[in-house]
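Asks: Have a look at this one.
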Amino acid sequence: MNKIVGNVSIALNGIEDNMTLMLGGFGLCGIPENSISQLVKMGVKNLTCISNNAGVDDFGLGLLLQTKQIKKMISSYVGENDEFERQMLSGELEVDLIPQGSLAERCRAGGAGIPAFFTPAGFGTEIAEGKEVRIFNGKPHILELALTADFAIVKAWKGDTEGNLIFKAAARNFNPLMAMAGKITIAEVEELVPAGSLDPNQIHTPGIFVQRIFQGEKFQKRIEQRTVRHKV
Amino acid sequence: MALDKIGIAKRIAQELKDGWYVNLGIGIPTIVANYIPQGIEVEFQSENGVLGMGPFPFEGEEDPDLINAGKQTITALPGASFFDSATSFAMIRGQHVQLTVLGAMEVSQNGDIANWKIPGKMVKGMGGAMDLVASADNIIVAMMHSNRAGESKILKQCTLPLTGVNCVKKVVTELAVMEIKDGKFYLLERAPGVSVEEIISKTDGELVVPDVVPEMKI
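So the protein lines, in turn, are chains C and G. Numbers in this note's numbering are just positions in the first sequence, counted from 1, shifted up by 829. Numbers in this note's numbering are just positions in the second sequence, counted from 1, shifted up by 88.
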């Protein structure tokens, strides 16, 4: 089945105010940067964004915060972003902080048809408040609910016309999980190839989870913390 | 003399055992990787999806797609693997990772840890810390004994929002190595030249002190 759409603007067609979006990436690594730029252009507002991080002030989801398009963020770590902090402390932005592993599993569960699960993460902390607790193997666990989204937007290294995806290195992170949890999943890829060009043994996300795929026009791939060692 | 950050990392590195998979947090824990004892093999897991993490890349060889959980550019060693975040936390929650080393703002005598939030001041989020401390069998905390105001961070009870309860097994500070057992801190070792009296005076939680407290060998 051919999932190709011509460009980012067609790919994001149907995203409207008040929708819930999942956006892949960890920090600025593996984020759908072309789609984020397009969301700024579209000007859709009151978005609920599920993403591990919130970008930095002038890149990634930070761009959508600058334009105040986000009503609520569901994330695990949101440092490195002054505008985020300002909006959160002033109450303009709703924020739901979730342990990273629970966030990943909630996306996976949402895509896998599992409505909820118990995890030990967060027991005895403020994030367990109001959540059901059960003891398994002598240890307390809290109930966490699955997450889904109107649109999931993911970024892959390579993809084919069928929507099969391959990620590179640590840019995989949340992308395959969110791809499963979107009612409509959009994949932006660095390299789009014909069906049959990718080895089926190497596919990370099978095309069934992807409804629309396009090749991103340009990838900045910013590095947040450039750390190097020197040759001796 | 009290240890510096590198000293703390070196002392923690002595806890590493051959064949372990280890998750190192941001800050002092990251430095531990530089001091693996000779003759043992350990593999480092980074919760954003890397097993077999190597040192920082040489200048000019940075790959934006290859970072650690602190968002620093890294390399992958031969035999490394990459995976998604759910698989990564399956390794952690499923106790396939033998040791977690992380920093803390406060630790209490029953093994509670606080390291993610200062109400009204700092709210960056917990990242993977809550998953890590809830599941790891073996958790070592690397931290300073007191805060900048000179108040002890080794407490009877944490005052900041908790990251996890009843989970820390060992604490290494610039002054001491302490084990947490049965709701008490047990002083195991002191930093070279640091007196037991100084450690007692800077520890707010209940501290069990044996007759002889050996110096750390760094």
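Idealized CB from N, CA, C, for every residue including glycine.
(1) Could you compute how far the alpha carbon of G:M304 sits from the alpha carbon of G:Q245?
(2) Less than 7 angstroms between the C-beta atoms of C:I879 and C:L976, yes or no?
(3) Say whether chain C places a C-beta atom closer than 7 angstroms to the C-beta of G:T161.
(4) Under 7 angstroms, Cβ to Cβ, is there at least one residue of chain C near G:A222?
(5) Check whether the Cβ of G:D299 lies closer than 7 angstroms to any Cβ atom in chain C.
(6) Excluding the 5 residues preceding and the 5 following C:Q1049 in the sequence, name in chain order all residues of the same chain whose CB lies nearer than 8 angstroms to its CB.
(7) Any residues in the segment 240-262 of chain G with a beta carbon nearer than 8 angstroms to a beta carbon of chain C? Which ones, in chain order?
(8) Against chain G, does C:A1000 count as a neighbour if the rule is that its beta carbon must be under 7 angstroms from one of theirs?
(9) I need the DSSP call for G:D270, collapsed to helix, strand or coil.
(10) Within 7 angstroms of any Cβ in chain G, is that where the Cβ of C:A1010 sits?
(11) Assuming C:F952 contacts C:P928 under a Cβ cut-off of 8 angstroms, what Cβ separation, rounded to an integer in Å, is found between them?
(12) From G:I180 to C:N1002, what does the alpha carbon distance come to, in whole angstroms?
(13) So C:A998 packs on G:D151, CB below 8 angstroms; how close in whole Å?
(14) Across which residues does DSSP place C:N882 in a beta bridge pair?
(15) In chain order, what residues of the segment 937-952 of chain C put their CB closer than 8 angstroms to some CB of chain G?
(16) Within 10 angstroms of its Cβ, does G:F171 collect 16 or more other Cβ (buried), or is it exposed?
(17) Between which two residues does the alpha helix (DSSP H) carrying G:I116 extend?
(18) With a threshold of 7 angstroms on Cβ separation, who are the neighbours of G:V120 within its own chain once the five nearest residues in sequence on each side are excluded?
(19) Three-state secondary structure (DSSP) at C:C1050?
(20) For G:R99, which three-state DSSP category applies?
(21) Check each candidate in C:I971, C:G959, C:R937 and C:L932 and name the one with the smallest Cα separation from C:F1038.
(22) In or out: C:Q916 buried (at least 16 other Cβ within 10 Å) or exposed?
(23) Out of G:K93, G:E262, G:N226 and G:A174, which one is the CA nearest neighbour of G:V256?
(24) Residues in the segment 850-862 of chain C with C-beta within 8 angstroms of chain G's C-beta atoms, listed in sequence order?
(25) Can you tell which of C:K897, C:V1022, C:P1023 and C:T1034 has the C-alpha that lies nearest to the C-alpha of C:T1014?
(26) Would a check of beta-carbon distances place C:S905 closer than 7 angstroms to chain B?
(27) Could you tell me whether the Cβ of G:F132 comes closer than 7 angstroms to any Cβ of chain C?
(28) What did DSSP end up calling C:D925 once you bin it into helix, strand or coil?
(29) Return the chain-ordered list of same chain residues with a C-beta closer than 6 angstroms to the C-beta of C:G854, the five sequence neighbours on each side being excluded.
(30) Quick one: complete alpha helix (DSSP H) runs, 4+ long, within the segment 849-901 of chain C?
(31) Report yes if the C-beta distance between G:L248 and G:S196 is below 7 angstroms; otherwise report no.
(32) Against chain G, with Cβ distances strictly below 7 angstroms, would C:F888 count as a contact?
(33) Can you name the start and end residues of the beta strand (DSSP E) that G:S196 belongs to?
(34) Specify, as a first and last residue, the run of the alpha helix (DSSP H) that G:R181 falls within.
(35) Using a 10 Å radius around the Cβ and a threshold of 16 neighbouring Cβ atoms, would you call C:Q867 buried or exposed?
(36) Using the beta-carbon count (16 or more within 10 Å), is C:L974 buried or exposed?
Replies: The structure says:
(1) For the purposes of this step, residue 304 of chain G is identified with residue 216 of the second sequence, where counting begins at 1. For the purposes of this step, residue 245 of chain G is identified with residue 157 of the second sequence, where counting begins at 1. So the two alpha carbons sit approximately 27 angstroms from each other.
(2) Against the first sequence, residue 879 of chain C aligns to sequence position 50. Against the first sequence, residue 976 of chain C aligns to sequence position 147. Yes, the Cβ-Cβ distance between C:I879 and C:L976 is below 7 angstroms.
(3) Reading the second sequence from its first residue, position 73 is the one you call residue 161 of chain G. True, the Cβ-Cβ gap to chain C drops below 7 angstroms.
(4) For the purposes of this step, residue 222 of chain G is taken as the residue at position 134 of the second sequence. For G:A222, the answer is yes, since a Cβ of chain C falls inside 7 angstroms of its Cβ.
(5) Position 211 of the second sequence, counting from 1, holds the residue named residue 299 of chain G. By this cut-off, G:D299 is not an interface position.
(6) In the first sequence, counting from the first residue as 1, residue 1049 of chain C sits at position 220. E862 and F888, listed in sequence order.
(7) P249, L250, T251, G252, V253 and N254
(8) Within the first sequence, residue 1000 of chain C is the residue found at index 171, counting from 1. By this cut-off, C:A1000 is an interface position.
(9) Numbered from its first residue, the second sequence carries residue 270 of chain G at position 182. Coil.
(10) To locate residue 1010 of chain C, count along the first sequence from 1; it is residue 181. No, no contact with chain G.
(11) Working through the first sequence from its first residue, we reach residue 952 of chain C at position 123. Working through the first sequence from its first residue, we reach residue 928 of chain C at position 99. No, C:F952 and C:P928 are not in contact; Cβ-Cβ is about 11 angstroms, not under 8 angstroms.
(12) The residue labelled residue 180 of chain G in the question sits at position 92 within the second sequence. The residue labelled residue 1002 of chain C in the question sits at position 173 within the first sequence. Answer to the nearest angstrom: the Cα atoms are 15 angstroms apart.
(13) One-based indexing of the first sequence puts residue 998 of chain C at position 169. One-based indexing of the second sequence puts residue 151 of chain G at position 63. Between G:D151 and C:A998 the Cβ distance is about 7 angstroms, and since that is below 8 angstroms, they are a contact.
(14) As a first step, residue 882 of chain C is located in the first sequence; it is residue number 53 there, counting from the start. None; C:N882 has no bridge partner.
(15) R937, T948, P949, A950, G951 and F952
(16) For the purposes of this step, residue 171 of chain G is identified with residue 83 of the second sequence, where counting begins at 1. Buried is the call here.
(17) In the second sequence, the residue the question calls residue 116 of chain G occupies position 28. Start and end: I116 to I119.
(18) Translated into positions along the second sequence, residue 120 of chain G becomes position 32. Result list for G:V120: A97, I100, A101, L112 and V189, in chain order.
(19) Taking the first residue of the first sequence as position 1, residue 1050 of chain C is located at position 221. At residue 1050 of chain C the sequence reads Lys, which differs from the Cys that was named. Coil.
(20) By one-based count along the second sequence, residue 99 of chain G stands at place 11. Helix.
(21) Within the first sequence, the letter at position 209 stands for residue 1038 of chain C. For C:F1038, the nearest C-alpha among the options comes from C:R937.
(22) The residue labelled residue 916 of chain C in the question sits at position 87 within the first sequence. Buried: at least 16 other Cβ atoms inside 10 Å.
(23) Along the second sequence, one-based indexing puts residue 256 of chain G at 168. Per the Cα distances, G:N226.
(24) F855, G856, L857, C858 and G859
(25) Start at 1 with the first residue of the first sequence, and residue 1014 of chain C comes out as number 185. When C-alpha distances from C:T1014 are compared across C:K897, C:V1022, C:P1023 and C:T1034, the shortest belongs to C:T1034.
(26) You won't find chain B in this structure, because its protein chains are C and G.
(27) To locate residue 132 of chain G, count along the second sequence from 1; it is residue 44. No, G:F132 does not count as interfacial toward chain C.
(28) Residue numbering aside, residue 925 of chain C sits at position 96 when the first sequence is read from its first letter. In the structure shown, C:D925 sits in a strand (DSSP, three-state: E or B).
(29) If you number the first sequence from 1, residue 854 of chain C lands on position 25. I860.
(30) 862-871 and 891-895
(31) Within the second sequence, the letter at position 160 stands for residue 248 of chain G. Within the second sequence, the letter at position 108 stands for residue 196 of chain G. No, Cβ-Cβ distance for G:L248 and G:S196 is not below 7 angstroms.
(32) Indexing the first sequence from 1 puts residue 888 of chain C at position 59. No - not a single Cβ of chain G is within 7 angstroms of the one on C:F888.
(33) Taking the second sequence and counting its residues from 1, the one referred to as residue 196 of chain G is at position 108. Counting along the chain, the beta strand (DSSP E) containing G:S196 begins and ends at E194 to S196.
(34) Start at 1 with the first residue of the second sequence, and residue 181 of chain G comes out as number 93. Element bounds for G:R181: S173 to R181.
(35) Position 38 of the first sequence, counted from the first residue, corresponds to residue 867 of chain C. Label assigned to C:Q867: buried.
(36) Counted from its first residue, the first sequence places residue 974 of chain C at position 145. Here C:L974 is exposed, its C-beta having fewer than 16 other C-beta atoms within 10 Å.
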